[in-house]
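Heads up, the thing below is written out as structure tokens.
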Amino acid sequence: AAREYKRRNLPISVIVVDYLHWDHFGDFSFNKNCWPDPSRMVQELEDMGIRTMVSIWPFVQSESCYSHEYNSTGPSVNFEPMFEGEMLVKDSSTGKQAPVFVQPIWYN
2 AAREYKRRNL PISVIVVDYL HWDHFGDFSF NKNCWPDPSR MVQELEDMGI
52 RTMVSIWPFV QSESCYSHEY NSTGPSVNFE PMFEGEMLVK DSSTGKQAPV
102 FVQPIWYN
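All residue numbers for the sequence shown refer to my numbering, where the first residue is 2 and numbers rise by one.
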């Protein structure tokens, strides 16, 4: 899509990777089947003058690789909106939850 925008001389400065780029809510990493080399993709976009922004969702599914760590940081709210399965939501900006929430984002 980015190459086509550039080919047509359409203005584009940011691509937002938003919804369901992970295996489970709370994994905070790209699904390797759909995103085999995210670092290369980001570099290619930057070479075209396009920044990449990744939307981070605050939900953690019980199937997530981080669900145990989230469960160990205190109470959470079970949230079952439009998605299947149990999902937890925490205030991840303060207290014990902050490192558990932020660390996987920075290192994935």
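The beta carbon of each residue, even a glycine, is placed where N, CA and C say it ideally should be.
Burial state of residue i (16 or more Cβ within 10 Å)
{"i": "H25", "result": "buried"}
{"i": "Y67", "result": "buried"}
{"i": "G50", "result": "exposed"}
Rounded separation between residue i and residue j - CA only
{"i": "F31", "j": "H22", "result": "5 Å"}
{"i": "L46", "j": "A2", "result": "11 Å"}
{"i": "H69", "j": "S63", "result": "8 Å"}
{"i": "D48", "j": "V61", "result": "33 Å"}
Cβ-Cβ separation, residue j to residue i (assumed contact under 8 Å), whole Å
{"i": "S73", "j": "G27", "result": "Not quite, the Cβ-Cβ distance comes to about 14 Å (not below 8 Å), so this is no contact."}
Own chain, CB closer than 7 Å to residue i, minus 5 neighbours either side, in chain order
{"i": "T53", "result": "I16, V18, V43, L46"}
{"i": "I13", "result": "A3, Y6, I51"}
Sequence-distant residues of its chain with Cβ nearer than 8 Å to residue i (five each side left out)
{"i": "S56", "result": "V17, V18, D19, Y20"}
{"i": "C35", "result": "H22"}
Subject >> Segment contact, 8 Å Cβ cut-off, at least three pairs: the region 31-41 with the region 6-16 >> reply: no
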